[in-house]
Every structure is written in C-alpha cells, then in structure tokens.
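There are 2 protein chains.
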Amino acid sequence: MADLQPPPEDIPGNEFEVIPPALAERIARRGAGATIYDIAELANVNPSTVSRALTKPGRMSQKTEARVRAAAERLDFRFNTAARALPTGRSHMLAVVVSDITNPMIFGILRGAEQAAAAAGYALVIAESQESGLAEAEAIQRLIPSVDGFVLATTRLSDLRIRDIASRRPVVLINRDVEHVPGILPDVRTGVDQLMDHLLGAGHRTIAYLSGPTSSWISRRRWERIVERAVDAGVAAVEIGPNAPTVDGGSEAVDRVRAARSTAVIAFNDLMAIGLMRAAAAAGISVPGEMSVAGFDDIFGSEFIVPALTTVRSDLARAGERSVEQLLGVLGVGEESTPLSELLETSLIVRGSTAPLA
Amino acid sequence: MADLQPPPEDIPGNEFEVIPPALAERIARRGAGATIYDIAELANVNPSTVSRALTKPGRMSQKTEARVRAAAERLDFRFNTAARALPTGRSHMLAVVVSDITNPMIFGILRGAEQAAAAAGYALVIAESQESGLAEAEAIQRLIPSVDGFVLATTRLSDLRIRDIASRRPVVLINRDVEHVPGILPDVRTGVDQLMDHLLGAGHRTIAYLSGPTSSWISRRRWERIVERAVDAGVAAVEIGPNAPTVDGGSEAVDRVRAARSTAVIAFNDLMAIGLMRAAAAAGISVPGEMSVAGFDDIFGSEFIVPALTTVRSDLARAGERSVEQLLGVLGVGEESTPLSELLETSLIVRGSTAPLA
DNA sequence: TTGTAGGCGTTATCAG
DNA sequence: CTGATAACGCCTACAA
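Protein chains in written order, with the working numbering: chain A, 9 to 366; chain B, 9 to 366.
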C-alpha cells in the first residue's frame with residue numbers, strides 16, 4: 009500500500025498518502041493515538057467539523073465528509089471514549105452484574121449480552137456479587153457513574169434498592185420481577201406446568217421442592233406455582249429450603265429430602281439437582297428408581313450426568329441479548345421501543361432422572 | 009440519621025447536617041451526582057483542594073481533609089471516571105478477552121480476574137472473540153483507547169499482533185507464551201509428564217493426541233511434550249487434529265481416533281475429551297475398557313460424567329487473579345514488581361476414564 | 001497548605 | 001455548511 013505512487017491530488021479518497029512529519033511525530037510522542045485535532049489538521053478543517061463528520065454522517069457536504077473520513081482512516085483514529093463521555097454523559101458501557109459467575113447458567117446470559125452490546129458498539133463491564141447483597145450493592149454504586157445502564161441477572165437485591173438504582177440508571181432485570189422495572193423472565197407458569205404434568209402423569213403423589221435462596225424471586229415463584237398445581241391435583245407438596253443455589257447446596261439437602269419421603273424432587277436449578285443426585289448416589293438412593301429428580305436451566309453437564317437430568321430449559325443467551333437490547337432501546341440506541349417486561353419461552357427436556365412411579 | 013439534633017458547629021465530622029437547598033437542587037437537577045465543585049462549595053474550599061484531599065490523603069491539613077471527606081460523604085460523592093480518565097489517561101478499566109465464554113474453563117479465570125480487579129477498584133470489561141482471530145483483533149482495537157490493560161486469555165492472535173498490542177497497552181497472556189510479553193502459563197511439562205507417567209505406567213504403548221486449534225500455543229506445547237516423552241519411552245504417539253476445542257470438536261474426531269487404534273487418547277481439553285467419550289459411547293466403544301481418555305482443565309462436569317474424566321487440573325482462578333495483579337503491577341497500582349512470566353502448578357486428577365491396558 | 005489557571009478530547013451551541 | 005467557543009469533571013503545575 010504505502011509504496012503505491014501518490015495519485016493526482018484531486019482524486020478524493022486517495023489524499024493523505026503522506027502524513028506531515030511534524031504531525032506524525034506529535035501523535036507518536038503523545039502515545040495515545042490520534043485525536044480529532046490531528047485529523048482536522050491533516051484534512052484542513054476545524055475539529056468541530058471532524059466531530060460532526062464522524063458522528064452524524066450525511067448531514068454535511070459529501071466532499072468534506074469524505075476528506076475527514078480519509079484522514080481519520082489514515083491516522084487510524086479511534087474515539088477517546090472518556091473524552092466523549094464527558095460532554096454527553098454516555099460512557100458506551102453497560103454493566104452486567106451476576107451473583108455467581110461460576111454458575112453455568114450465567115455464561116449463556118453473558119454470551120448473549122456481549123454479542124448484543126458489541127453489535128451496538130457498547131462494551132460490557134462485568135461484576136460479580138458472589139451471592140452477597142452487600143457486595144452487589146457496593147459494586148453497583150461504584151459503577152453507576154461509569155456505565156449507561158445495568159443488567160441485573162439473578163440479583164439478590166431488595167425491590168427498594170433495585171428501584172433506587174433504576175431511578176438513577178436504566179435497569180433491566182433477568183429472572184426477577186419488580187414493578188415498573190423492565191425484566192426478562194422465563195415463563196415460570198408454563199415451565200412448572202410442563203414439569204408438573206410430566207411428574208403427575210408419571211404417578212407421583214408426593215413432591216418436594218428444593219428451594220433456592222430466600223432472596224431469589226424466581227425460586228419463590230416456582231414454588232408458588234408448584235403449590236397451585238399440587239393443590240389442584242390433590243397431591244402433597246413440601247418445600248425443603250432455603251438452600252444455596254449450588255452443587256453443594258443440593259448435596260447438603262439430601263438428608264432432609266430423604267426424610268420428606270417424596271417420590272419426586274424438583275430442584276430450584278440444575279446445579280442443586282446435580283448435587284442432590286450425587287449425594288443420593290453416595291447414600292445408596294437410586295435415581296430415578298426410588299426418587300425422581302428434576303431441575304431448571306439445562307446447564308452444561310445436565311445432559312451427561314448419569315442419569316441425565318430432566319430439566320426445564322430457557323434460552324439464557326436470548327435473555328442476555330434481549331436485556332441489553334431493551335437497555336439500548338431505553339438509551340435510544342436500538343430500534344426498540346418496548347420498555348416492558350417480557351416472558352421467555354421454556355421447554356421441558358425429559359431425560360433419565362425422572363421415571364414413572366414404580 | 010437525618011432527624012438527629014444538629015450538633016454544635018465546632019465538632020468536626022458532624023458538620024453538613026444540612027445541605028443548602030440551592031446546592032441540593034442543583035445537584036438533583038443535574039442528575040449525574042455530586043461533583044468536586046459541589047463538595048468544594050459545601051466545605052468552603054477550592055475544588056482543587058477537594059481533589060487533593062480525596063486523591064492523596066495525608067498530604068494536607070488534617071482539618072481540611074476531614075472537612076472535605078465529610079462533605080463528600082454527605083453528598084454521596086463518586087468520582088466521575090470519565091472525567092478522571094481524561095487528564096490522567098487512566099480509565100481504571102481492564103479488559104479480559106476470551107475466545108469462548110461458554111467454555112467452563114473460562115469462568116475460573118473470570119472469577120479470579122474480577123476479584124483482583126474489584127479489590128483494586130478496577131472494573132473488568134469483557135470481550136469474546138468466538139474463536140475468531142479477526143473478531144478478537146477488532147474488539148481489542150476498539151477497546152484500546154478505553155482500557156488500561158489487557159488480559160488475553162487463550163488468544164488466537166499471532167505473536168506479531170500480540171506484540172503490537174503490547175506496545176500500546178500493558179498485556180498479560182494466559183496460556184500463551186510470547187517473548188517479552190508477560191504470561192501466566194500452566195506448567196505444561198509437569199502436567200504432561202504426570203499424565204504420561206500415569207498412562208505409561210498403565211501399560212499403554214500407543215497414544216493419540218487430540219489436538220486443539222492450530223492457533224493454540226498451549227495445544228502445540230502439549231503435543232511437543234507428549235512426543236518427547238513418547239520417544240523417550242519408545243512408544244507410539246500420533247496427533248489427530250486440528251479440532252475445534254469444543255464438545256462437538258471432540259465428538260467429530262471419533263472416527264479418526266478409532267482409525268488410529270491407540271489404546272489411550274489425550275485430548276487438548278476436557279470439553280473435547282467429553283465429546284469424544286460421548287461419541288465413543290454412542291459408537292459402542294468402551295471407555296476405559298477399549299480406550300483410555302484424558303483431558304486438561306478439570307472443568308465443571310468432568311467429575312460427574314461417566315466414566316469420570318481423568319484430567320490435568322490447573323488453578324484457573326489463580327491464573328485470572330495473577331494476570332490482573334501483574335497488569336496492576338505494571339500500571340503501578342499493586343505492590344507487585346514482577347513483570348515476568350510465571351508457571352502455574354498443575355495436578356493430575358485420576359478418575360475412571362483411564363485404566364491399565366487389559 | 002491552599003488557590004489559580006490551563007488542559008485532557010469531545011460535543012454542542014452559536015455565529016458567520 | 002463550517003468555524004469558533006464554551007462546557008463536561010477532574011488533575012496538576014505553579015503561584016500565593
């Protein structure tokens with residue numbers, strides 16, 4: 009490229025083969041890359057014109073715009089996001105705060121969110137609360153001044169705190185419903201119903217729910233729906249919990265589960281279901297022979313544990329994607345204008361961990 | 009708090025019970041929180057004094073500093089990171105770029121990195137390249153102006169490109185060695201040796217290596233060491249690959265693995281090992297009866313697949329942690345001063361997927 | 001020890 | 001359509 013013959017001066021787009029040494033040196037010495045001032049100098053226009061050309065294309069003379077673009081490209085220009093954020097108040101950063109990054113259900117969300125953000129030229133900041141409401145609140149406070157919005161995935165915060173944050177920055181919730189705050193929710197009702205239909209159809213009359221943390225809205229909702237269905241069907245349902253939403257949390261509940269003498273157990277999530285099955289195996293309880301087990305999420309691993317786990321899947325990547333799309337919509341970036349909560353379809357995946365009552 | 013009696017004026021730290029309405033309204037109307045100007049007004053000092061008091065504690069009059077701190081706290085002040093980044097050139101953000109966020113080995117790294125970053129008041133920006141070198145390079149270019157440094161985890165970039173990035177921003181590599189660029193590496197030699205000892209000790213004389221992507225430095229290194237050990241021991245070793253470093257990548261290799269007629273297979277990572285075992289099961293090949301299988305990483309799931317996977321574990325959370333500590337060290341933030349590469353200990357986890365040659 | 005003033009890179013408001 | 005100029009919030013010599 010560089011050793012092509014310099015073309016005639018009047019052919020647009022091929023100018024700027026040569027960068028004035030003075031300019032080049034100044035940029036190099038500064039170290040941080042070219043600025044709109046450098047471009048302005050090279051293209052012989054005012055910095056404000058450069059800003060305009062690069063920010064709102066089409067609103068100015070074709071020729072000038074082309075000149076500016078060419079110069080910018082020649083200097084390998086990138087906006088300084090901090091400088092940009094100052095007058096606009098927009099950092100072009102979104103925060104995703106998750107409770108436990110090692111929960112495989114999270115990375116689906118992250119992938120979806122990252123893609124949607126990247127597609128819109130936004131960067132994703134990630135914060136982990138390690139299941140602690142305090143740490144979560146603190147992290148969010150820290151981030152408020154530097155991000156344009158929040159995706160709160162599986163948050164442990166109170167409604168009050170969430171509203172407070174939402175009043176300062178756009179917030180989209182995942183797996184949590186708070187009035188007046190948009191959220192992406194799995195269709196709990198349908199999901200639980202599918203699972204209950206499956207279990208009831210298999211003849212189970214005593215069902216236990218291994219619940220998650222008290223602060224988990226979605227865990228409560230699942231339990232509520234289970235109760236409704238159990239009452240309707242005239243079968244017994246008991247809640248065992250709260251438990252940590254982890255493999256260990258599931259394992260540690262095995263004695264209480266056994267004591268409940270239920271023939272089927274629905275765990276709040278797959279992590280717990282897997283923990284329970286492992287502990288059950290260690291205790292000599294046969295699954296699904298003596299006890300059927302099911303979970304939610306269909307995480308990596310659910311498919312190949314033995315027996316393979318029956319579970320209610322929801323499209324987490326989609327949830328992550330939709331959450332940032334909603335955020336961008338509120339920020340006026342995307343094409344969206346739907347500020348409301350939406351339900352995500354779920355599907356029951358029947359595998360070997362559940363079986364008809366013997 | 010707010011309805012306590014206002015204490016005598018001369019007790020420090022208890023001033024500012026009442027915020028002048030004018031100030032309060034101005035801040036509220038602005039919407040973006042208090043600035044050092046607001047604090048200055050409240051504490052009756054110059055903004056630069058506020059900056060000093062908050063930035064370099066101890067270098068000024070105790071009394072003034074206390075006044076400023078009190079005022080700042082009263083106004084719930086947070087630095088505007090963008091504004092701060094402008095004069096200093098420091099965004100207080102670190103980027104972690106990963107090739108595939110759905111690989112369970114990644115979240116160990118992320119957790120460690122996030123913790124270390126948060127502890128130092130840094131935020132973590134995450135970028136995923138989806139195994140594409142182009143996407144990776146593009147994402148990095150975008151981020152260069154807005155982050156203070158990069159952790160490149162399992163990167164697919166060329167040495168040249170990595171050096172280029174490293175010349176613009178501090179870079180720490182994970183699972184990749186490039187001269188003059190600090191990196192956190194597993195101890196490949198020891199790891200492979202442990203595994204080879206195990207396999208050779210079990211009588212295997214024909215070993216296959218299911219390699220990862222061509223661009224994976226660590227995959228090549230593992231293969232090299234396997235070859236060395238095979239030559240030393242006088243046994244046969246063949247490479248089967250390259251393959252995608254995923255479950256599917258492992259599954260799709262099953263025919264080639266079978267064709268190789270090796271009694272033991274070492275996969276580049278656990279994901280591939282799992283894929284291979286599933287495909288083997290589907291094809292009626294017994295593991296470890298007809299074929300032993302081992303992997304690397306000890307990801308979530310390796311323990312409870314059947315048979316449980318023999319694997320070489322390395323402490324990924326530690327790798328993530330060390331990588332940002334090194335970055336912070338270079339940035340002059342941490343207490344560290346070790347700019348060099350370091351080796352992470354690995355340990356062999358023997359499980360059911362490997363067995364003595366029948 | 002504290003205040004003054006200029007600058008960081010960009011946007012936005014006005015003129016021209 | 002383009003240029004000048006004042007913010008944006010903070011930092012940092014330099015001066016007092």
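Where a beta carbon is used, it is the ideal one built from N, C-alpha and C, also for glycine.
Of all the options T354(B), L83(B), S294(B), which has the alpha carbon lying nearest to the alpha carbon of D306(B)?
-> As a first step, residue 306(B) is located in the second sequence; it is residue number 298 there, counting from the start. If we check each option's Cα against that of D306(B), T354(B) comes out closest.
Neighbour-count burial assignment, T319(A), 16 or more Cβ in a 10 Å radius = On the first sequence, position 311 is the one that residue 319(A) refers to. Burial of T319(A) is indicated by the presence of at least 16 other C-beta atoms within 10 angstroms of its C-beta.
What residues of chain B sit near L132(A), judged by a beta carbon separation below 7 angstroms?
-> By one-based count along the first sequence, residue 132(A) stands at place 124. The answer, in chain order, is V133, I134.
Just how far apart, CA to CA, sit A121(B) and G116(A)?
-> Looking up residue 121(B) in the second sequence gives position 113. Looking up residue 116(A) in the first sequence gives position 108. Between A121(B) and G116(A), the C-alpha separation is close to 19 angstroms.
Per-residue burial, H100(A) [other beta carbons within 10 Å of its own, 16 or more giving buried] = Numbered from 1 along the first sequence, position 92 holds the residue referred to as residue 100(A). Buried is the call here.
Would I47(A) pass as a contact of A91(A) if the rule is Cβ separation under 8 angstroms?
-> Counting from one through the first sequence, the residue named residue 47(A) turns up at place 39. Counting from one through the first sequence, the residue named residue 91(A) turns up at place 83. No. Outside cutoff.
Best match in A131(B), Q123(B), A143(B), T43(B) for proximity to A127(A) [C-alpha to C-alpha] = Residue numbering aside, residue 127(A) sits at position 119 when the first sequence is read from its first letter. A127(A) has its Cα closest to that of A143(B), out of A131(B), Q123(B), A143(B), T43(B).
Consider the Cβ of L118(B): report whether some Cβ of chain A lies at a distance smaller than 8 angstroms.
-> What you label residue 118(B) is simply residue 110 of the second sequence in a count that begins at 1. Under the Cβ distance rule, L118(B) counts among the residues neighbouring chain A, one pair being separated by less than 8 angstroms.
Rounded separation between G342(B) and V273(B) - CA only | The residue given as residue 342(B) occupies position 334 in the second sequence. The residue given as residue 273(B) occupies position 265 in the second sequence. Going by the C-alpha atoms only, they are around 42 angstroms apart.
Other residues of its chain near T163(B): CB distance less than 6 angstroms, five sequence neighbours each side excluded = The residue given as residue 163(B) occupies position 155 in the second sequence. The beta carbon of T163(B) lies closer than 6 angstroms to those of R184 in the same chain, with the five residues before and after it left out.
In this structure, does DSSP put T354(A) in helix, strand or coil?
-> The residue you call residue 354(A) lines up with position 346 of the first sequence. Here DSSP, grouped into helix, strand and coil, assigns T354(A) to strand.
Determine whether the Cβ of S361(A) lies closer than 8 angstroms to any Cβ atom of chain B.
-> Along the first sequence, read from residue 1 onward, the residue named residue 361(A) stands at position 353. For S361(A), the nearest beta carbon of chain B is not closer than 8 angstroms to its own beta carbon.
Counting pairs of beta carbons, one from the stretch 253 to 268 of chain B and one from the stretch 279 to 295 of chain B, are three or more of them closer than 8 angstroms?
-> Yes: the two stretches touch, three or more of their Cβ pairs being nearer than 8 angstroms.
Can at least three beta-carbon pairs, one atom from the stretch 264 to 272 of chain B and one from the stretch 209 to 224 of chain B, be found at a separation below 8 angstroms?
-> The stretch 264 to 272 of chain B makes contact with the stretch 209 to 224 of chain B: 3 or more CB pairs, one atom from each, lie closer than 8 angstroms.
Taking 8 angstroms as the CB-CB limit, is F24(A) close to chain B?
-> Here residue 24(A) corresponds to residue number 16 of the first sequence, with the count starting at 1. Chain B contact via Cβ: absent.
According to DSSP, what are the bridge partners of F158(A)?
-> Within the first sequence, the letter at position 150 stands for residue 158(A). Answer is A103(A), V179(A), bridged to F158(A).
Where does P190(B) land, buried or exposed, given buried means 16+ other C-beta within 10 angstroms?
-> Taking the second sequence and counting its residues from 1, one reaches residue 190(B) at position 182. Counting of Cβ neighbours within 10 angstroms places P190(B) among the buried residues, the total reaching 16 or more.
Proximal residues to Y130(A) (C-beta, below 6 angstroms), its chain only, five neighbours per side dropped = Reading the first sequence from its first residue, position 122 is the one you call residue 130(A). Within the same chain, H100, L102 come within 6 angstroms of Y130(A) by CB-CB distance, once the 5 residues on both sides are set aside.
Please check if any C-beta of chain B sits within less than 8 angstroms of the C-beta of I319(A).
-> As a first step, residue 319(A) must be located in the first sequence, where it is residue number 311. In the sequence on display, residue 319(A) carries Thr and not Ile. Residue-level contact check: T319(A) does not touch chain B, since none of the beta carbons of chain B fall below 8 angstroms from its beta carbon.
What's the gap between the Cα of I173(B) and the Cα of V265(B)?
-> Here residue 173(B) refers to the residue found at position 165 of the second sequence. Here residue 265(B) refers to the residue found at position 257 of the second sequence. Taken atom to atom, the span from the alpha-carbon of I173(B) to that of V265(B) is near 38 angstroms.
Separation of S56(A) from L62(A), as counted between CA atoms = Numbered from 1 along the first sequence, position 54 holds the residue referred to as residue 62(A). Numbered from 1 along the first sequence, position 48 holds the residue referred to as residue 56(A). Each residue's Cα considered, the two are about 10 angstroms apart.
Chain A beta carbons: is any one of them nearer than 8 angstroms to that of E17(B)?
-> One-based indexing of the second sequence puts residue 17(B) at position 9. Here E17(B) scores only 43 on pLDDT, less than 50, and its place in the model should not be relied on; the value that follows carries that caveat. Judged by the 8 angstroms Cβ criterion, E17(B) is not in contact with chain A.
In chain order, what residues of the same chain have a beta carbon less than 7 angstroms from the beta carbon of D167(A), not counting five sequence neighbours either side?
-> Position 159 of the first sequence, counted from the first residue, corresponds to residue 167(A). Leaving aside the five residues that flank D167(A) on each side, the residues in its chain whose CB is nearer than 7 angstroms to its CB run, in chain order, V186.
Is any beta-carbon of chain B found at less than 8 angstroms from that of Q13(A)?
-> As a working note, residue 13(A) is residue 5 in the first sequence. Residue placement at Q13(A) is flagged as unreliable, the pLDDT there being 45, under the threshold of 50; the coordinate-derived value follows with that caveat. By the rule that beta-carbons nearer than 8 angstroms mark a contact, Q13(A) does not touch chain B.
Beta-carbon of E122(B) versus every beta-carbon of chain A: anything under 8 angstroms?
-> Here residue 122(B) corresponds to residue number 114 of the second sequence, with the count starting at 1. It does: the Cβ of E122(B) has a partner Cβ on chain A nearer than 8 angstroms.
Could you name the residues of the same chain whose beta carbon sits closer than 6 angstroms to that of I182(A), not counting the 5 residues immediately before and after it, in chain order?
-> In the first sequence, the residue the question calls residue 182(A) occupies position 174. Correct list, in chain order: A161, I192, A327, S331.
Residue range of the unbroken alpha helix (DSSP H) whose run includes S140(B) = Indexing the second sequence from 1 puts residue 140(B) at position 132. Taken as a continuous stretch (DSSP letters only), S140(B) belongs to no alpha helix (DSSP H), as it is neither H nor E.
Check the Cβ of N88(B) against every Cβ in chain A and list those closer than 7 angstroms, keeping chain order.
-> Sequence index remark: in the second sequence, residue 88(B) carries index 80 (1-based). Neighbours of N88(B) on chain A, chain order: P153.
Best match in G209(B), D201(B), P221(B), D263(B) for proximity to E236(B) [C-alpha to C-alpha] | Here residue 236(B) corresponds to residue number 228 of the second sequence, with the count starting at 1. Among G209(B), D201(B), P221(B), D263(B), the Cα nearest to that of E236(B) is on D201(B).
Can a CB atom of chain A be found closer than 8 angstroms to the CB of A42(B)?
-> Position 34 of the second sequence, counted from the start, is the residue given in the question as residue 42(B). In terms of beta-carbon proximity, A42(B) stays away from the interface with chain A, with every pair separated by 8 angstroms or more.
Do we get a CB-CB distance below 8 angstroms when we pair G97(A) with the residues of chain B?
-> Looking up residue 97(A) in the first sequence gives position 89. Yes, because at least one Cβ of chain B sits closer than 8 angstroms to the Cβ of G97(A).
Within the stretch 26 to 72 of chain B, note down every full alpha helix (DSSP H) run reaching 4 residues or more, in order along the chain.
-> Runs of the alpha helix (DSSP H) inside the stretch 26 to 72 of chain B: 29 to 38, 44 to 51, 55 to 63.
Name, going along the chain, the residues of the stretch 306 to 334 of chain B whose beta-carbon falls closer than 8 angstroms to a beta-carbon of chain A.
-> The stretch 306 to 334 of chain B vs chain A, Cβ under 8 angstroms: F308, G309, F312, I313, V314.
Is it right to say T362(B) is buried, meaning 16 or more other beta carbons lie within 10 angstroms of its own, or is it exposed?
-> Position 354 of the second sequence holds residue 362(B). Counting C-beta atoms within 10 angstroms of its own C-beta, T362(B) has 16 or more neighbours from the protein chains shown and is therefore classed as buried.
To which residues of the same chain is M204(A) closer than 6 angstroms at the C-beta, ignoring the five residues directly before and after it?
-> Numbered from 1 along the first sequence, position 196 holds the residue referred to as residue 204(A). Cβ neighbours of M204(A) beyond the five flanking positions: R237.
Which whole runs of the beta strand (DSSP E) in the stretch 281 to 342 of chain A are 3 residues long or more, in chain order?
-> Within the stretch 281 to 342 of chain A, the beta strand (DSSP E) runs of at least 3 residues that lie entirely inside it are, in chain order, 300 to 305, 318 to 322.
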